[in-house]
Amino acid sequence: MTIVGGDVDGVTGEWEREPDPSDSLRTFGAVVQALREHAGLSRVEFGTRVRYSKHTVESVELGRRMPDEDFVERAEEALGNTGALRKAARHLTRGEPGLAAWFRRWARLERVAVSLCTYECRLVPGLLQSEGYMRALCENDIPPMSDGEVEDTVTARLERQRLLTDRPHTAFDFIVEEGVFTRGLGGVDVTRDLLDHVIEAIEPRNVVLQIMSTKSEQHACLAGPIQLLETPDGQWRGYSEGQENGRLIADRKEVSRLYMRYARLRSQALSPMASVGLLEQMRGAL
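Residue 58 is where the sequence shown starts when you use the numbering used here, and the numbers rise one by one after that.
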């Protein structure tokens with residue numbers, strides 16, 4: 058694992074291990090489980106009362122998922138309305154289960170970035186994936202993932218997608234190869250839902266998608282995917298990911314080369330309007 062330019066965000070020693078749930082999440086989950094069992098409710102019965110799936114209840118109880126406000130309120134009411142869960146929820150801190158160790162620092166930088174640029178030629182970028190598409194990716198992973206690992210991964214990706222709605226002043230820019238959408242991963246139903254999801258996700262004015270046509274005679278990013286972001290203090294960072302590792306790039310010259318390639322690719326890809334039209338055409342053909 059290589060980090061170009063040193064420790065750019067003040068966090069050291071975290072690239073070698075997978076993330077664990079935070080102690081506060083584990084403690085909160087244990088309290089929920091104890092109260093649920095004291096009330097004589099199974100996870101399915103409790104999930105019905107709070108209007109969440111059994112898998113979500115399990116993820117919260119095991120400290121793998123940050124409960125949202127609705128979960129806390131409904132769980133409080135279903136388990137005696139003592140106020141204990143509301144008070145405990147104030148002290149929760151996020152763990153990062155489901156995110157690869159090498160991706161953690163980049164994910165942290167994303168949360169404060171003023172601009173995010175992504176080029177993908179392998180799969181739909183995580184911020185634009187539908188839940189069905191996420192699950193199809195997990196089902197195709199080798200070696201096979203456990204049910205818990207699948208739920209952790211899906212939960213982490215859905216949580217990360219909140220960036221698109223929680224940061225309306227951040228510019229999100231995506232360039233994705235046309236073939237990624239026509240691959241049909243997961244089947245027709247998954248692809249149809251994916252296209253609907255992407256079209257909806259790029260509606261906000263701060264989210265832009267351009268599709269790189271398979272018929273283009275020019276291509277500035279044949280070397281592979283690119284991720285770039287701009288920090289609040291105007292610095293640019295890059296990220297490169299392979300099969301089993303990732304690399305955070307802070308070296309100015311290397312980041313500059315990536316930015317130039319991305320900028321050139323923007324001019325070679327379809328316009329945002331034409332890209333939406335192509336997605337709608339793909340959707341109609343299914």
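Glycine included, every Cβ here is placed at the ideal spot set by N, Cα and C.
Express the C-alpha separation of residue j and residue i in angstroms, rounding to a whole number.
i    : j    : result
G183 : E134 : 34 angstroms
L173 : T227 : 8 angstroms
F160 : S332 : 28 angstroms
S352 : E206 : Lying outside 58 to 343, the shown extent of the chain, residue 352 is not represented and no answer is given.
D230 : M339 : 21 angstroms
M191 : N197 : 10 angstroms
M269 : E235 : 6 angstroms
Q267 : L305 : 24 angstroms
M23  : E337 : Summary: the structure shown does not reach residue 23, with the chain confined to residues 58 through 343, and so no result is reported for it.
M202 : V88  : 28 angstroms
R344 : G281 : Outside the modelled stretch of the chain, which goes from 58 to 343, sits residue 344, for which no answer is possible.
L279 : M123 : 38 angstroms
L335 : L251 : 14 angstroms
E130 : Y109 : 12 angstroms
G299 : R179 : 11 angstroms
P78  : T212 : Caution is warranted here: a pLDDT of 47 is assigned to P78, below 50, making its placement in the model unreliable, and the coordinate value is therefore given only provisionally. Whole-angstrom Cα-Cα distance: 13 angstroms.
D127 : A96  : 20 angstroms
L93  : R143 : Correcting the residue type first, residue 93 is Arg in the shown sequence and not Leu. Whole-angstrom Cα-Cα distance: 15 angstroms.
D204 : A193 : 13 angstroms
For residue i, does the three-state DSSP call read helix, strand or coil?
i    : result
R240 : coil
D230 : strand
Y176 : strand
R294 : strand
Q267 : strand
Q90  : helix
Q284 : strand
L305 : strand
C195 : helix
Y109 : coil
H254 : helix
L149 : coil
R323 : helix
A135 : helix
E130 : helix
R262 : coil
E274 : coil
L279 : coil
G299 : coil
S116 : helix
V247 : helix
S346 : Nothing in the structure corresponds to residue 346, since the chain is present only between 58 and 343.
V356 : Nothing in the structure corresponds to residue 356, since the chain is present only between 58 and 343.
P78  : Residue placement at P78 is poorly supported in this model, since its pLDDT is 47, which falls under 50; the coordinates are not used for a value here.
Between which two residues does the beta strand (DSSP E) holding residue i run?
i    : result
S332 : Segment 329-342 is the alpha helix (DSSP H) holding S332; no beta strand (DSSP E) there.
M123 : Looking at the DSSP string, M123 is not in any beta strand (DSSP E), and its letter there is neither H nor E.
Could you say which of the options lies nearest to residue i if we only look at CA atoms?
i    : options                : result
L343 : G205, E94, D246, I256  : D246
L286 : L315, R262, E274, L194 : L315
F238 : V255, S273, R304, A91  : V255
A277 : G334, E177, R108, G189 : E177
V181 : W163, G137, T248       : T248
I283 : D204, I232, P124       : I232
R262 : L242, Q300, G244, T222 : T222
A326 : K272, E301, A307, P289 : K272
A170 : R321, G299, D290       : D290
L242 : V264, E188, T84        : E188
R265 : R100, Q186, D127, T175 : Checking the sequence, you will find Val at residue 265 rather than Arg. For the residues R100, Q186, D127, T175, the minimum Cα distance to V265 belongs to T175.
What residue range is occupied by the uninterrupted alpha helix (DSSP H) comprising residue i?
i    : result
V211 : 204-217
L166 : 161-167
T139 : Neither: T139 is in no alpha helix (DSSP H) and is coded neither H nor E.
N96  : In the sequence on display, residue 96 carries Ala and not Asn. Taken as a continuous stretch (DSSP letters only), A96 belongs to no alpha helix (DSSP H), as it is neither H nor E.
L220 : 220-223
If we count Cβ pairs, one from each stretch, closer than 8 angstroms, do we get three or more for the region 310-328 versus the region 284-300?
Touching, yes.
If you pair each beta-carbon of the region 111-118 with each one of the region 208-216, do three or more pairs fall below 8 angstroms?
Because the criterion of three Cβ pairs below 8 angstroms is met, the region 111-118 and the region 208-216 touch.
Touching or not, the region 100-114 and the region 138-148, by the rule of three or more beta carbon pairs under 8 angstroms?
As far as the Cβ criterion goes, the region 100-114 does not touch the region 138-148, which means the pair count is below three.
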